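See below for the structure under consideration.
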Amino acid sequence: MKATVHVTLKPGVLDPQGTAIGHALSGLGFAGVNSVRMGKFLELDLAETDKAKAEAAVKAMCEKLLANTVIESYRVEIR
Amino acid sequence: MKATVHVTLKPGVLDPQGTAIGHALSGLGFAGVNSVRMGKFLELDLAETDKAKAEAAVKAMCEKLLANTVIESYRVEIR
Amino acid sequence: MIPNSKITDEVVKEHGLTQDEYALLLKIMDREPTLAELGIFSVMWSEHCSYKSSRVWLKTFPVSGPKVLQGPGENAGAVDIGDGLAAVFKIESHNHPSFIEPYQGAATGVGGILRDVFTMGARPIANLNALRFGDPKHPKTKHLVSGVVAGIGGYGNCIGVPTVAGETNFHPSYNGNILVNAMTVGLARADRIFKAAARGPGNRVLYVGAKTGRDGIHGATMASAEFTEESEAKRPTVQVGDPFTEKLLLEACLELMAEDAIVAIQDMGAAGLTSSSVEMAARGGLGIELNLDHVPVRETGMTAYEIMLSESQERMLLVVKPGAEKIAERIFAKWELDCADIGVVTETGHLVVKKNGQTEIDIPVAPLVDQSPLYRRPHVPSPRRPVIKAANTKAAEPIAALKKLMGCPDLASKRWIWDQYDHLVGNDTIQTPGGDAAVVRVRDTRKALAMVVDCTPRYCVADPKTGGAQAVVETWRNLTAVGAEPIAITDNLNFGNPERPEIMGQIVGCIEGMGEACRALDYPVISGNVSLYNETNGQGILPTPVVGGVGLIDEYTKTVGLGLSKPGLTLIVIGETKGWLGASLYLREIAGWEEGAPPPIDLKLERKTGDLVRGLVRSGKAAACHDVSDGGLLVAIAEMALAGGIGAKLDAPPAGIPVHAWWFGEDQARYVVATDDPAGVLEAAKAAKVPTRRLGESASRSLTLEGGGAISLDELRAIHEGWLPKYMS
Amino acid sequence: MKAAVISFPGSNRERDIMMALERAGARPALVWHGDAEIADTDLIVVPGGFSYGDYLRCGAMAAHSPVMKAVNEKSARGTPVLGVCNGFQILIEAGLLPGALMRNASLRFVCRQVHLRVEDSQSVFTNAYEKGQVIRVPVAHGEGNYTADPDTLKKLEDRGLVAFRYVSPEGKTDPDANPNGSTDAIAGIFNDSKTVLGLMPHPEDATDPHAGGTDGLGMFKSLVNALH
Ligand SMILES: Nc1ncnc2c1ncn2[C@@H]1O[C@H](COP(=O)(O)OP(=O)(O)O)[C@@H](O)[C@H]1O
Ligand SMILES: [Mg+2]
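Protein chains in written order, with the working numbering: chain U, 1 to 79; chain A, 1001 to 1079; chain Y, 2001 to 2729; chain F, 3001 to 3228.
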């Protein structure tokens, strides 16, 4: 199965990268960008064939490694 | 409007980070992870209210800055 | 005033104030405070900001001397190094945040100490770090090591300040409370040191740097509260660092400082806008009025409470000369930083804070600062430990013991760590990590600064006074070993809960020992930091008073390292070896015994021995030099051999001392010198009345002990370099 | 020889490289990234550091700075351009050199002395070295893992456009000697005309006998030889 994981900063947590990208975009002449937030996107290819089990496993991976749950939240999708 | 951008490495481009994460996952005891690919995920908040225009603008941002089209591809969604 | 939102006992308690402290607050205010005012008292009277448990003892440190330009009390201390220049330095802890979020906690710790130094008008030239982690076998340790090291590197590398030295120990007492202490050394013009005292009513107050968010609100109170399981729930209080913004802030501030524009400048560290504005007003004996509507924020709907207590990083508060606002605006705009006029210096002596046209805070500054609680907490001295006779300890075969020691977590090479730190940027690093002290050149002069951090917690727990003195003395020795003249120290006192008399006893003992050593060596304390309540569920850390020392080298080509660079050098130990094994690393690692009184310190002897050694280095008589510390003589020689890639043939120990005590005893006031001119060294030592003994000669690519086996450098190196990478993989 | 050293927000080795140029007898001058013009110069240097914090992708934002247009123009007219570390990343992002620099294979920043083999001594950047010479210089980066598509790699090899490779002190390629996992141990490359050089290591931090040795001086001497 394929899993995708979105890891994003929790609301309110400073995102220096996003801020700098927003700045750079306006410097390049792109007007009207109010804000940019940057996160991570992971695609996992899993041997597991049971959807529920795959989801549980990926969530465990997020808690343990893929996301820093102190400042980040994550979203898992299984296909 | 809100735009989301997924920037991922093109197929065939080596992904050292994804590989390392895959290793780390198996080190943590997660079996059956065949491969991991890592990408970026951006959320933009735009002043533009026309969907087509917003999409065109964000695509231009990707071409110019957000993605390195030599090794990365991107996907834009507007909501 | 805005209406009061019910200050209950519960609310007061949540703010970390005792009933007595709250009563004092009421007396000062002469009315019930607003919640925002309570918040301000809470952070200003926290242990972290007020030093309420340690202040009476800190006053006993010697803080002056002919070279001291600025002692404790400002953002950082400063000493005169000649040529019209000053070395500015300080150490700071970020222990609790680093335990909760190791990467960001450590990174923002580095960011904070850098700001303390460049706030003084100094360009940072080097970073150091002192790290203590729990048992390597503890499930959290590896993750913490990896995050902390990446965070320190991530911040320092990006801002372009080399991280040149540090120390890293492991002990189960740090399982729930790691220590992350970061030190920065900077250079300033001696006649242009900037201070934080507000002057001139009517002068404008400017806010520059990053926008304010809801980061780390209550961070300062958290850093003073004992950890419980629940405190992990305070997680959203961690701040995220932005080294890129800090780099811009650094360059912009230094550019502005070159103009005649600044009256006072203070970084926003712990307790952010609160402590910076209060301290500026207090130091100038004046008031400050702030309008929070002008503070750049990155969240909507922030309250006065939140804005005043936010610990968002990379921000500065300035008071500028009349008309200088324009200069500041131009420079900050060039560096693409926010700069906002948020208030004015007043004559009222009050901190007045307005938001949406309402006065939310109105506190008399002088009593807030001067009447802050001060405790002379009860303390009991640590029980005396017995002196352990070397003859009563396990005698291991020297090569086997050496192998064990060189590969133990505390002594194993920390290359895996410093490889992740850019220790070269600037191209002034004359001695890189791996030696006794790092040496960094002073630009455009022939001088260099030597710098080091040290502490031996196992001595401090065994006998706080001796341990405190030893920490000071070890930095002094490390500076001496590279030929530097030690100038002054900064210190970071890391301890458990001061409300426990045993812990308070450790604090008092360590401070006493440190002060005594500083006085005897003319080596004053010019800055420092205190971190208490490093305790989880009643389990305190080992007492860890980290000392950061800085020394001056007049001619940078005349420093030596510890490496044996060629065969045929005579190795001589300077100082007397009696074979003291109590509280030694040998005893802990080989006999599994953390016991005994630590080696005594004789400060007169230290001084005499160090002065001799410094002379040997400076006169070129020493081709290599290393002080003898953890692990004793044989470990010191092994480190010299590995550093230079040349081994040694060592003579048999003298009669009358157990072989293992000779090689691994930790008697103080000793150095190993490698020389081309043994006669010259012995003569100088004799003139100085310092005992010496020939140890052997540098030779081949192995260490050979007469009558005691041998080991190749390749094998030794594999052991020494192998532990940490293997552990982290 | 005049050299223009470009400074971006977040650059941090501009002074190191200016000192190295001076030690070799050149006259360097700083140029601010916001400037649209570069005064008359014999050489352009894009120094190391963390331009724009290395956010998004290393070098991506700097590659769009106003000054980069001028760099492109001058380069097209033959002015030599040297990019070191972050400068290499910027030149790649700006399209002046092919390929990409990925996270180090270890995923860790690495600062240490490495050995490089000089693969070509015919360029303005390397004429003071011998072909095959091994030099010792430091690296300090987190994203220096060079990669390119097979066609590009083949072209680099066929046309002798690999400038330096990571090797053991004895001059052999060896995985242990490769600090970042770069394909074919590539440490630095030229453009087609060998007027642009990008490399990850820092020769500028090996130009002083008391701070890291002098093996890097050859690069700056080469430039002075060729461009005086
Ligand atoms: N966290 C660290 N960062 C940088 N250098 C470190 C770190 N930990 C240890 N080192 C370096 O490792 C060497 C050995 O450290 P240590 O055993 O504490 O030395 P000493 O016994 O002389 O005090 C020193 O050069 C020190 O600077
Ligand atoms: Mg030492």
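Even for Gly, the Cβ is constructed at its ideal location relative to N, Cα and C.
Just so you know, these numbers come straight off a predicted model, no measurement behind them.
What does a CB cutoff of less than 6 Å around residue i pick up in its chain, not counting 5 residues either side in sequence?
i: residue 2231 (chain Y); result: At residue 2231 (chain Y) the pLDDT is 40, less than 50, meaning the model places this residue with poor confidence; the figure from the coordinates comes in the next sentence. Correct list: empty, nothing qualifies.
i: residue 3071 (chain F); result: 3044
i: residue 2213 (chain Y); result: 2298, 2299, 2312
i: residue 3143 (chain F); result: 3058, 3101, 3103
i: residue 2742 (chain Y); result: For residue 2742 (chain Y) there is no data in the structure shown, the boundaries of chain Y being 2001 and 2729.
i: residue 1996 (chain Y); result: Shown here, chain Y extends from 2001 to 2729; a query on residue 1996 (chain Y) therefore has no answer.
i: residue 2475 (chain Y); result: 2452, 2454, 2547, 2549
i: residue 3203 (chain F); result: 3137, 3216, 3219
i: residue 75 (chain U); result: 6
How many angstroms separate the CA atom of residue i from the CA atom of residue j?
i: residue 2634 (chain Y); j: residue 2587 (chain Y); result: 15 Å
i: residue 2023 (chain Y); j: residue 2159 (chain Y); result: 45 Å
i: residue 2153 (chain Y); j: residue 2422 (chain Y); result: 7 Å
i: residue 1021 (chain A); j: residue 2413 (chain Y); result: 27 Å
i: residue 2629 (chain Y); j: residue 2528 (chain Y); result: 24 Å
i: residue 2220 (chain Y); j: residue 2271 (chain Y); result: With a pLDDT of 49 at residue 2220 (chain Y), under the threshold of 50, the predicted position of this residue should be treated as unreliable, and no value is reported.
i: residue 2492 (chain Y); j: residue 2545 (chain Y); result: 6 Å
i: residue 2195 (chain Y); j: residue 2182 (chain Y); result: 22 Å
i: residue 2291 (chain Y); j: residue 1 (chain U); result: 56 Å
i: residue 2265 (chain Y); j: residue 2346 (chain Y); result: 16 Å
i: residue 3149 (chain F); j: residue 1025 (chain A); result: 28 Å
i: residue 3165 (chain F); j: residue 28 (chain U); result: 36 Å
i: residue 2248 (chain Y); j: residue 2061 (chain Y); result: 36 Å
i: residue 2637 (chain Y); j: residue 2708 (chain Y); result: 15 Å
i: residue 1068 (chain A); j: residue 1013 (chain A); result: 12 Å
i: residue 2428 (chain Y); j: residue 2121 (chain Y); result: 20 Å
i: residue 2552 (chain Y); j: residue 2537 (chain Y); result: 44 Å
i: residue 3172 (chain F); j: residue 3178 (chain F); result: 11 Å
Tell me which residue opens and which closes the beta strand (DSSP E) that residue i is part of.
i: residue 2625 (chain Y); result: 2624 to 2627
i: residue 3118 (chain F); result: 3110 to 3118
i: residue 2693 (chain Y); result: 2692 to 2698
Considering only residues of the same chain and omitting the five flanking positions on each side of residue i, which have a CB-CB separation below 7 Å?
i: residue 3120 (chain F); result: 3126, 3131, 3160, 3163
i: residue 3054 (chain F); result: none
i: residue 2288 (chain Y); result: 2198, 2205, 2277, 2280, 2281, 2343, 2345, 2346, 2351
i: residue 2244 (chain Y); result: 2158
i: residue 2648 (chain Y); result: 2564, 2571, 2637, 2641, 2696, 2697, 2698, 2699, 2703
i: residue 3030 (chain F); result: 3005, 3007, 3014
i: residue 2259 (chain Y); result: 2327
Please list, in chain order, all residues of the same chain as residue i whose beta carbon is under 8 Å from its beta carbon, the five residues on each side excluded.
i: residue 41 (chain U); result: 4, 5, 6, 7
i: residue 2293 (chain Y); result: 2354, 2355, 2356
i: residue 48 (chain U); result: 1, 54, 57
i: residue 2051 (chain Y); result: 2058, 2530
i: residue 2328 (chain Y); result: 2206, 2208, 2256, 2261, 2318, 2320, 2339
i: residue 2567 (chain Y); result: 2646, 2697, 2698, 2699, 2700
For the alpha helix (DSSP H) holding residue i, just list the boundary residues, first then last.
i: residue 2332 (chain Y); result: 2325 to 2334
i: residue 2604 (chain Y); result: 2603 to 2618
i: residue 3023 (chain F); result: 3014 to 3023
i: residue 38 (chain U); result: Note, residue 38 (chain U): premise wrong, no alpha helix (DSSP H); beta strand (DSSP E) at 33 to 46.
Please give me, in chain order, every unbroken run of the alpha helix (DSSP H) with length at least 4 that falls completely inside the stretch 3120 to 3158 of chain F. 3150 to 3158
Write down every uninterrupted run of the alpha helix (DSSP H) in the stretch 2031 to 2073 of chain Y whose length is 4 residues or greater and which is fully enclosed by it, in chain order. 2035 to 2044, 2047 to 2050, 2055 to 2058
Which of the residues in the stretch 3051 to 3085 of chain F, read from start to end, lie with their CB under 7 Å from any CB of chain U? 3052, 3053, 3055, 3056, 3061, 3064
Within the stretch 2429 to 2462 of chain Y, ranges of the beta strand (DSSP E) (whole runs, at least 3 residues): 2429 to 2431, 2438 to 2441, 2448 to 2454
Listed from N- to C-terminal order along the chain, which residues in the stretch 33 to 49 of chain U have their beta-carbon within a distance smaller than 7 Å of any beta-carbon of chain A? 33, 34, 35, 36, 37, 38, 39, 40, 41, 42, 43, 44, 45, 46, 47, 48
If the cut-off is 9 Å on Cβ atoms, which residues from the stretch 3126 to 3143 of chain F count as contacting chain Y, listed in chain order? 3138, 3140, 3141, 3142
Suppose only complete runs of 4+ residues qualify. What are the alpha helix (DSSP H) ranges in the stretch 2288 to 2359 of chain Y, listed by chain order? 2304 to 2309, 2325 to 2334
Taking a Cβ distance cut-off of 8 Å, strictly less, list which residues of the stretch 2195 to 2221 of chain Y are near chain U, in chain order. 2210, 2213, 2214, 2215
Near-chain A residues of the stretch 3107 to 3127 of chain F - C-beta to any C-beta below 9 Å: 3107
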